[in-house]
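Engineer: The structure follows.
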């Protein structure tokens, strides 16, 4: 075991106790996983944790129990392997050894003659969910926050039995969804009800008395009072499902994520290969992927999202934040209405919308109420909570309703003059301490506040659409924004459960500036005569979540053209204004139809006679990103390259296997070729030199 010992492992101990259960003549053995910390530091399994679990299983079986059950500490079952120690694995043999250790320990639960149960009381991800899958039966708490096998998103595969057990439990279509598709959809988690419906859990129980009910249920299973029926697995469709899954992945990722192909190979083995051979193949796949650049980028990205996002660089002392007891929203359009719902749900304070006429206000409030009702209908919100939210959200055409608001955010037309007029009116109404936040996507916060009596309380608060889905919040400090207003903005962002990044007041901030530069290179190529299809597919080898023209459609050509104009005014030598983009925006035509370039849009273009190849388009786009990131870092737009990557992951959905963007630019040599230096030191998001 010494070769596997991890010096920095936070060991999750497996604590064993005997439990007397009514109806059984022998006590049950209950193993509780607990690393000694609260739920903010979840249980993970490294060599020390696996050894502790192994010893607990040995002791449990020696006591001749009626059954053995594994559960977790409050809110957490287990979230899988100890990822912190993965980069420390020195050679392939060591990687094989950690895979084999997990398989050996977990298999004891699967192969036990004594019935084994997983009482999944909270979050269960990766190796934690695989541990549960090895047990003969599973109960699941309705309060479990996250259930997933997310390894593929990091550049790994489920390496402790998941690829072999899950398809043989719930069928190959659902297993492919959980193991491959969900991780690639920004790490989509299963809700407890979904997991139970899929058959991952045998019974779904209320969280309030989950352990007691689980013990009772297990006793009835052992006594023969309950028979757990499992569906027969359809093996006729197995190969076809994987064939179409591979086609879809090739079309979307173009080989950019090696872990997806490994996962498909392992799922194929699970059809007929015996379990031992299948898990041996998992060990080999894990050992291969541990030494891939994609995994190192994935681990770097995971660390950004899990750690850096929770401690924003440069944020002021949170003790300076003022209390927010009422929120005002200027505007009642779609974005404003989304914000109203979010503020009401998370802050649980009155939220009032205003607009130019009553019909707009009524429409905005009606949207919020409809969304609340939809949550109730889907079973995601109880009627009591809904009734409270209905009462919190109101609207008015009279801005005097903002007089007692502590935080007012505007979501009006993206025009500096309009926004300045809004703040000029509001400053006469709100208190001097009220924070004035702007959801501008590209305009100067400093210019917006310039004529105000109290410019120090104006702050940028830039959300990404859809507001409920994308977790990034760019918090922008104007030249005169004070620490108290900024601290309040960060406190509110945290309450909204957003990941906040401090950004300097610079044109288009981070995400929009980089995406506009990126799209600019695509349209420069199109303007030169490159066919739309060639320019659109040029970035396919990166495995981005969507192609450039689909992104343009999502953002909206008119919005993209407006932001491009803002950036052209600031940096004319790098941000060109494309007449073709303007034509598309003015036409109102969809850019993409059924995932294909709209031929009607192609007819609108006026182009040159110097087309570029896909390779040239890709090189130009990556070179432009590298140049722009270096300039942004030199300007101090964010503290470090890590913040650029965090913004691109959380605000633009750029994948973990790219590490956001800078690790990929380093890996391909683009950073050094364009800017003369790497963005990150060797080994930070890549294999050590």
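Residue numbers (this note's numbering): 77 to 765. No residue lacks a Cβ here, since even glycine has one placed at the ideal position from N, Cα and C.
(1) Please specify which runs of the alpha helix (DSSP H), each continuous and at least 4 residues long, are wholly inside the segment 652 to 738, giving them in chain order.
(2) I'd like the span of the beta strand (DSSP E) that includes residue 469, first residue to last.
(3) Since residue 597 and residue 700 are thought to touch, with beta carbons under 8 angstroms apart, how far apart are those beta carbons, to the nearest angstrom?
(4) In chain order, what residues of the same chain lie with their CB nearer than 7 angstroms to the CB of residue 702, ignoring the 5 residues before and after it?
(5) Cα separation between residue 756 and residue 365?
(6) Measuring only the C-alpha atoms, how far is residue 276 from residue 252?
(7) Tell me the start and end of each unbroken beta strand (DSSP E) in the segment 507 to 559 that is at least 3 residues and wholly inside, in chain order.
(8) Taking buried to mean at least 16 other C-beta atoms within 10 Å of its own C-beta, is residue 361 buried or exposed?
(9) Please confirm if the segment 604 to 613 is in contact with the segment 412 to 426, defined as three or more CB-CB distances below 8 angstroms between the two stretches.
(10) Please confirm whether residue 561 and residue 599 have their CB atoms less than 7 angstroms apart.
(11) Taking a contact to mean a Cβ-Cβ separation below 7 angstroms, would you say residue 295 touches residue 95 in this structure?
(12) Check whether the Cβ atoms of residue 535 and residue 487 sit closer than 7 angstroms, and answer yes or no.
(13) Sorted by chain position, which residues of the same chain lie with C-beta nearer than 7 angstroms to residue 734's C-beta, five sequence neighbours on each side aside?
(14) Grab me the residues of residue 353's own chain with a C-beta within less than 8 angstroms of its C-beta, minus the 5 sequence neighbours each way, in chain order.
(15) Taking C-alpha atoms, which residue in 137, 558 and 547 lies nearest to residue 533?
(16) Please say whether residue 256 and residue 336 have beta carbons closer to each other than 7 angstroms?
(17) Nearest-angstrom Cα distance between residue 230 and residue 203?
(18) For residue 234 versus residue 201, is the C-beta distance shorter than 7 angstroms?
(19) Leaving out five residues on either side along the sequence, give the residues of the same chain with a beta carbon under 6 angstroms from the beta carbon of residue 684.
(20) Among 355, 412 and 463, which one has its Cα closest to the Cα of residue 173?
(21) Should residue 430 be labelled buried (16 or more other beta-carbon atoms within 10 Å of its own) or exposed?
(22) Can you tell me which of the three DSSP states residue 351 falls into?
(23) Answer yes or no: do residue 462 and residue 448 have a C-beta to C-beta separation smaller than 7 angstroms?
(24) Just to confirm my understanding: we take residue 191, look at its own chain, exclude 5 residues before and 5 after, and list those with CB closer than 6 angstroms. What are they?
(25) Kindly give me the distance between the Cβ atoms of residue 548 and residue 642, rounded to whole angstroms, as I take these residues to be in contact under 8 angstroms.
(26) Hey, residue 217 and residue 283: beta-carbon distance below 7 angstroms or not?
(27) Do you know how far the Cα of residue 446 is from the Cα of residue 455?
(28) Look at residue 214 and residue 222 and say whether their C-beta atoms are less than 7 angstroms apart.
(29) What number of angstroms, rounded off, separates the C-alpha of residue 592 from the C-alpha of residue 744?
(30) Can you list, in chain order, the stretches of the alpha helix (DSSP H) that have 4 or more residues and sit fully within the segment 146 to 193?
(31) Grouping DSSP H, G and I as helix and E and B as strand, with all else coil, what is residue 310?
(32) At a Cβ threshold of 7 angstroms, is residue 289 touching chain B?
(33) Just tell me which of 236, 490, 671 and 647 has its CA closest to the CA of residue 625.
(34) Of all the options 457, 440, 85 and 589, which has the alpha carbon lying nearest to the alpha carbon of residue 706?
(35) Does DSSP put residue 195 in a helix, a strand or coil?
(36) Take residue 238 and list the residues in its own chain whose beta-carbon comes closer than 6 angstroms to its own, dropping the five residues that flank it on each side.
Structural biologist: Taking the geometry as given:
(1) Within the segment 652 to 738, the complete alpha helix (DSSP H) segments at least 4 residues long are 655 to 663, 675 to 678, 690 to 711 and 717 to 728, listed from N- to C-terminus.
(2) In the DSSP annotation of this structure, the continuous segment of the beta strand (DSSP E) that includes residue 469 starts and ends at 469 to 472.
(3) Rounded, the Cβ-Cβ distance is 5 angstroms, consistent with contact.
(4) Around residue 702: 741, 746, 747, 750 and 751.
(5) Going by the C-alpha atoms only, they are around 21 angstroms apart.
(6) The straight-line gap from Cα to Cα measures roughly 13 angstroms.
(7) The beta strand (DSSP E) runs of length 3 or more contained entirely in the segment 507 to 559 are, from start to end of the chain, 511 to 514, 534 to 538 and 548 to 553.
(8) Per the 10 Å Cβ criterion, buried.
(9) By the Cβ rule, the segment 604 to 613 does not count as touching the segment 412 to 426, because fewer than three pairs are nearer than 8 angstroms.
(10) Their beta carbons are not under 7 angstroms apart, which means residue 561 does not touch residue 599 by this criterion.
(11) No; because the gap between Cβ atoms is not below 7 angstroms, this pair is not in contact.
(12) Annotated as distal: residue 535 and residue 487, with beta-carbon spacing of 7 angstroms or more.
(13) Answer for residue 734: 373, 618 and 740, listed in chain order.
(14) So the qualifying residues of the chain are 345.
(15) For the residues 137, 558 and 547, the minimum Cα distance to residue 533 belongs to 558.
(16) Taking 7 angstroms as the Cβ cut-off, residue 336 and residue 256 qualify as a contacting pair.
(17) Straight through space, the alpha carbons of residue 203 and residue 230 are spaced by roughly 14 angstroms.
(18) In this structure, residue 201 does not lie closer than 7 angstroms to residue 234 by Cβ.
(19) 604 and 605, listed in sequence order.
(20) Answer by Cα proximity: 355.
(21) Buried, by the Cβ-count rule.
(22) In the three-state DSSP reduction, residue 351 falls in the helix class (H, G or I).
(23) Yes. Within cutoff.
(24) Closer than 6 angstroms at the Cβ level, and outside the excluded window around residue 191, lie 143, 212 and 298.
(25) Residue 548 to residue 642, Cβ: 20 angstroms. No contact.
(26) Here residue 217 is near residue 283, since their CB atoms are less than 7 angstroms apart.
(27) Taking the straight line joining both Cα atoms gives about 14 angstroms.
(28) Judged by their CB atoms, residue 214 and residue 222 are not nearer to each other than the 7 angstroms cut-off.
(29) The straight-line gap from Cα to Cα measures roughly 22 angstroms.
(30) Restricting attention to alpha helix (DSSP H) runs no shorter than 4 residues, the segment 146 to 193 encloses them at 168 to 186, ordered along the chain.
(31) Here residue 310 sits in coil by DSSP.
(32) In the structure shown, chain B does not exist; there is a single protein chain.
(33) Taking only the C-alpha atoms, the option nearest residue 625 is 671.
(34) With distances taken between Cα atoms, residue 706 lies closest to 589.
(35) Residue 195: strand per DSSP, three-state reduction.
(36) Counting only Cβ-Cβ distances below 6 angstroms, and skipping sequence neighbours, we find 206 and 225.
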